[in-house]
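Residue numbers (this note's numbering), protein chains in the order written: chain W, 9 to 80; chain G, 3 to 342.
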């Protein structure tokens with residue numbers, strides 16, 4: 009049995025090289041699911057957008073090593 | 003003979019993680035480990051360097067700058083590293099090597115065999131396998147020097163097996179003394195004797211994408227991270243690098259990973275921003291919001307963590323298999339994995 013996994017990372021190229029199939033681009037190496045340059049409310053909203061993309065990807069059939077972007 | 007040497011911010015002497023965003027620079031003469039090459043008989047004319055994070059996050063522009071310097075210098079050979087077990091540095095060395103090789107300039111690297119730089123180089127480089135840390139420098143520099151001097155002089159070097167560099171994925175036609183049947187029997191006899199040999203390297207491990215979760219609104223999702231996120235004080239002493247364990251912590255009653263309650267001990271990046279709000283590494287607050295909104299059924303009652311720094315691929319694969327077995331038995335339907 010396979011367990012679908014979405015990988016949130018700021019280095020999607022490396023994720024693809026090691027064979028990750030569902031990849032969502034994170035914000036930065038040091039904070040993949042946050043952005044300290046934003047106001048607190050905006051950062052929380054961005055994090056939810058990232059997780060919504062991740063959730064969408066878990067429910068979507070994908071080709072091997074697919075990367076999705078998150079709208080800024 | 004012109005020699006160009008690539009280094010990251012640390013080996014070029016600009017600093018550690020705080021300098022990882024350093025822009026590309028060009029320096030005359032050998033720097034840092036370049037002096038060890040000089041002592042071994044390979045004089046570095048020009049050193050080029052770039053911060054690991056800068057290269058990773060601004061790859062196109064960083065690469066263009068570095069390649070412009072190489073084009074200007076027209077070296078006979080390019081060397082990079084050794085990057086040992088460093089993932090980002092190894093990756094930068096590998097990408098640069100791939101592009102240098104396309105210019106028909108020989109390039110010599112050194113790193114652990116499981117470094118992402120090996121795949122990134124795409125067979126373009128002669129890569130000397132090393133141990134995970136700087137202690138391997140002493141053995142590595144003479145081997146790199148020998149290869150670089152001969153390649154710069156236009157000499158042909160032997161096969162990966164004979165010379166000790168990593169296989170480049172190239173198939174070279176050679177005239178064998180024995181026919182295929184004789185060689186196959188020879189390989190079988192060797193295998194029965196405990197010595198496995200092959201004339202063709204096996205492909206890298208690949209897993210096909212699992213089918214999607216049919217109904218995420220009724221699914222259980224687990225949070226997993228390699229970002230080294232642990233409760234404050236690191237009660238179970240998760241290693242900051244070379245971790246040989248993964249850990250799990252309960253999320254029952256935890257709404258959000260507060261800075262008071264959690265921290266990261268990961269030694270591979272500047273943790274300042276993450277420690278101000280650990281949800282930037284393990285997005286628990288947003289995952290809870292998706293549960294409240296009905297997008298996700300429930301969150302698994304624990305999150306899984308390790309610090310992915312200098313972790314051999316074989317160890318990481320084992321962690322993955324162990325965590326997968328745990329969550330499968332717990333009825334988890336899908337995983338959100340975060341990485342730094």
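The beta-carbon is built from N, C-alpha and C at its ideal position, and this holds for glycine as well.
- prompt: Thinking C-beta only, is residue 317 of chain G closer than 8 Å to residue 246 of chain G?
  reply: Position 244 of the second chain, counted from the start, is the residue given in the question as residue 246 of chain G. Position 315 of the second chain, counted from the start, is the residue given in the question as residue 317 of chain G. Cβ distance < 8 Å, so residue 246 of chain G and residue 317 of chain G count as in contact.
query: With 8 Å set as the bound, which would you pick, yes or no: does the beta-carbon of residue 46 of chain W sit closer than that to a beta-carbon of chain G?
result: For the purposes of this step, residue 46 of chain W is taken as residue 38 along the first chain, with counting starting at 1. Chain G contact via Cβ: absent.
- request: Drop a sphere of 10 angstroms on the beta-carbon of residue 87 of chain G, count the other beta-carbons inside from all chains shown, and report buried for 16 or more, exposed for fewer.
  value: Within the second chain, residue 87 of chain G is the residue found at index 85, counting from 1. It is buried - the Cβ of residue 87 of chain G has at least 16 other Cβ atoms within 10 Å.
query: For residue 64 of chain G versus residue 89 of chain G, is the C-beta spacing smaller than 8 Å?
result: Along the second chain, one-based indexing puts residue 64 of chain G at 62. Along the second chain, one-based indexing puts residue 89 of chain G at 87. The answer is no: Cβ separation not under 8 Å.
- prompt: Does the beta carbon of residue 55 of chain W sit closer than 8 Å to a beta carbon anywhere in chain G?
  reply: Reading the first chain from its first residue, position 47 is the one you call residue 55 of chain W. Yes, residue 55 of chain W counts as interfacial toward chain G.
- prompt: Shorter than 8 Å from the beta carbon of residue 179 of chain G to some beta carbon of chain W?
  reply: By 1-based counting over the second chain, the position of residue 179 of chain G is 177. With 8 Å as the cut-off, residue 179 of chain G does not count as an interface residue toward chain W.
task: Check whether the Cβ of residue 58 of chain G lies closer than 8 Å to any Cβ atom in chain W.
output: Position 56 of the second chain, counting from 1, holds the residue named residue 58 of chain G. Answer yes: the Cβ-Cβ gap between residue 58 of chain G and chain W drops below 8 Å somewhere.
N- and C-terminal bounds of the alpha helix (DSSP H) containing residue 102 of chain G: Position 100 of the second chain, counting from 1, holds the residue named residue 102 of chain G. Per DSSP, residue 102 of chain G belongs to the alpha helix (DSSP H) from 89-104.
field: Euclidean distance between Cα positions of residue 222 of chain G and residue 185 of chain G
entry: Your numbering for residue 222 of chain G matches position 220 in the second chain. Your numbering for residue 185 of chain G matches position 183 in the second chain. So the alpha carbons of these two residues sit roughly 53 Å apart.
message: Beta-carbon within less than 8 Å of residue 174 of chain G's beta-carbon, same chain only, minus the 5 sequence neighbours each way: which residues are those?
response: Locating residue 174 of chain G in the second chain gives position 172, where the first residue counts as 1. Only 161 meet the Cβ criterion.
- prompt: Would the region 319-330 of chain G and the region 21-30 of chain W be scored as touching if the rule is three or more Cβ pairs under 8 Å?
  reply: no
query: List, in order along the chain, the chain W residues whose C-beta lies closer than 7 Å to that of residue 88 of chain G?
result: By one-based count along the second chain, residue 88 of chain G stands at place 86. In chain order: nothing, as chain W lies at least about 13 Å away.
query: How would you list, in chain order, the residues of chain W whose beta-carbon sits under 7 Å from the beta-carbon of residue 294 of chain G?
result: In the second chain, the residue the question calls residue 294 of chain G occupies position 292. Within chain W, no residue comes near residue 294 of chain G; the closest Cβ sits about 11 Å away, beyond 7 Å.
- request: Spatial neighbours of residue 115 of chain G within its chain, please: CB distance less than 7 Å, with the 5 preceding and 5 following residues excluded, ordered by chain position.
  value: Residue 115 of chain G sits at position 113 when you count from the first residue of the second chain. Taken in chain order, the residues that qualify are 131, 168.
field: Residues that DSSP places opposite residue 309 of chain G in a beta bridge
entry: On the second chain, position 307 is the one that residue 309 of chain G refers to. According to DSSP, residue 309 of chain G bridges with G/229.
field: Cα-Cα separation between residue 26 of chain W and residue 119 of chain G, rounded to whole angstroms
entry: The sequence position of residue 26 of chain W within the first chain is 18, counting from 1. The sequence position of residue 119 of chain G within the second chain is 117, counting from 1. Straight-line Cα distance between these residues: approximately 11 Å.
field: Proximity winner among G/37, G/190, G/107, relative to residue 155 of chain G (alpha-carbon distances)
entry: Indexing the second chain from 1 puts residue 155 of chain G at position 153. Residue 155 of chain G has its Cα closest to that of G/107, out of G/37, G/190, G/107.
- prompt: Does DSSP put residue 71 of chain G in a helix, a strand or coil?
  reply: On the second chain, residue 71 of chain G is found 69 positions in, with the first residue counted as 1. Reduced to three states, the DSSP call for residue 71 of chain G is helix.
field: Contact between the region 179-197 of chain G and the region 259-278 of chain G (3+ Cβ pairs under 8 Å)
entry: no
query: Going by the CB atoms, is the gap between residue 147 of chain G and residue 42 of chain G shorter than 8 Å?
result: Mapped onto the second chain, residue 42 of chain G falls at position 40. Mapped onto the second chain, residue 147 of chain G falls at position 145. Contact: yes.
task: Quick one: using the 10 Å Cβ neighbour count with 16 as the cut-off for buried, is residue 278 of chain G buried or exposed?
output: Looking up residue 278 of chain G in the second chain gives position 276. Label assigned to residue 278 of chain G: exposed.
- prompt: Quick one: is the Cβ of residue 19 of chain W within less than 7 Å of any heavy atom of the ligand MN?
  reply: By its list of ligands, the structure shown contains no ligand whatsoever, and the ligand MN lies outside what it can speak to.
- prompt: Using the rule of at least 16 other Cβ atoms within 10 Å of the residue's Cβ for burial, across every protein chain shown, is residue 227 of chain G buried or exposed?
  reply: Along the second chain, one-based indexing puts residue 227 of chain G at 225. Residue 227 of chain G comes out buried.
query: For residue 114 of chain G and chain W, any beta-carbon pair shorter than 8 Å?
result: Counting from 1 along the second chain, the entry for residue 114 of chain G is found at position 112. By this cut-off, residue 114 of chain G is not an interface position.
message: Suppose the cutoff is 6 Å on Cβ atoms and the five residues either side in sequence are ignored; what does the same chain contact list for residue 171 of chain G look like?
response: Within the second chain, the letter at position 169 stands for residue 171 of chain G. The residues are 125.
message: Excluding the 5 residues flanking residue 51 of chain G on each side, which residues of the same chain have their C-beta closer than 6 Å to its C-beta?
response: One-based indexing of the second chain puts residue 51 of chain G at position 49. If we look at residue 51 of chain G and ignore the five residues flanking it on each side, its Cβ neighbours are 9, 14, 27.
- prompt: Can you tell me the Cα-Cα spacing of residue 42 of chain W and residue 311 of chain G, whole angstroms?
  reply: Here residue 42 of chain W is taken as the residue at index 34 of the first chain, counted from 1. Here residue 311 of chain G is taken as the residue at index 309 of the second chain, counted from 1. One C-alpha to the other measures close to 21 Å.
message: Short of 6 Å in beta carbon distance, which residues of its chain neighbour residue 48 of chain G, apart from the five on each side in sequence? Order them along the chain.
response: Residue 48 of chain G sits at position 46 when you count from the first residue of the second chain. So the list reads 6, 75, once near-sequence residues are dropped.
query: residue 302 of chain G: buried (16+ other C-beta within 10 angstroms of its C-beta) or exposed?
result: Position 300 of the second chain, counted from the start, is the residue given in the question as residue 302 of chain G. It counts as buried.
message: Using the three-state DSSP reduction, which class does residue 29 of chain G fall into: helix, strand or coil?
response: Within the second chain, numbered from 1, the residue matching residue 29 of chain G stands at position 27. In this structure, residue 29 of chain G counts as strand in the three-state DSSP scheme.
task: Give a yes or no on whether the C-beta atoms belonging to residue 340 of chain G and residue 249 of chain G are separated by under 8 Å.
output: As a working mapping, residue 340 of chain G is identified with position 338 in the second chain. As a working mapping, residue 249 of chain G is identified with position 247 in the second chain. Contact: no.
message: I believe residue 16 of chain W touches residue 62 of chain W by the beta-carbon criterion, under 8 Å. Please report the beta-carbon distance rounded to the nearest angstrom.
response: Within the first chain, residue 16 of chain W is the residue found at index 8, counting from 1. Within the first chain, residue 62 of chain W is the residue found at index 54, counting from 1. Between residue 62 of chain W and residue 16 of chain W the Cβ distance is about 6 Å, and since that is below 8 Å, they are a contact.
Through-space distance from residue 200 of chain G to residue 290 of chain G, alpha-carbon basis: For the purposes of this step, residue 290 of chain G is taken as the residue at position 288 of the second chain. For the purposes of this step, residue 200 of chain G is taken as the residue at position 198 of the second chain. The alpha-carbon atoms of residue 290 of chain G and residue 200 of chain G are separated by roughly 51 Å.
- request: Mind checking who residue 7 of chain G pairs with in its DSSP beta bridge?
  value: By 1-based counting over the second chain, the position of residue 7 of chain G is 5. Paired residue(s): G/49, G/81.
- request: Look at the Cβ atom of residue 122 of chain G, then the Cβ atom of residue 91 of chain G, and state whether they are nearer than 8 Å.
  value: The sequence position of residue 122 of chain G within the second chain is 120, counting from 1. The sequence position of residue 91 of chain G within the second chain is 89, counting from 1. Not closer than 8 Å, so no.
query: Rounded to a whole number of angstroms, what is the C-alpha to C-alpha distance between residue 306 of chain G and residue 263 of chain G?
result: To locate residue 306 of chain G, count along the second chain from 1; it is residue 304. To locate residue 263 of chain G, count along the second chain from 1; it is residue 261. For residue 306 of chain G and residue 263 of chain G, the distance between alpha carbons rounds to 16 Å.
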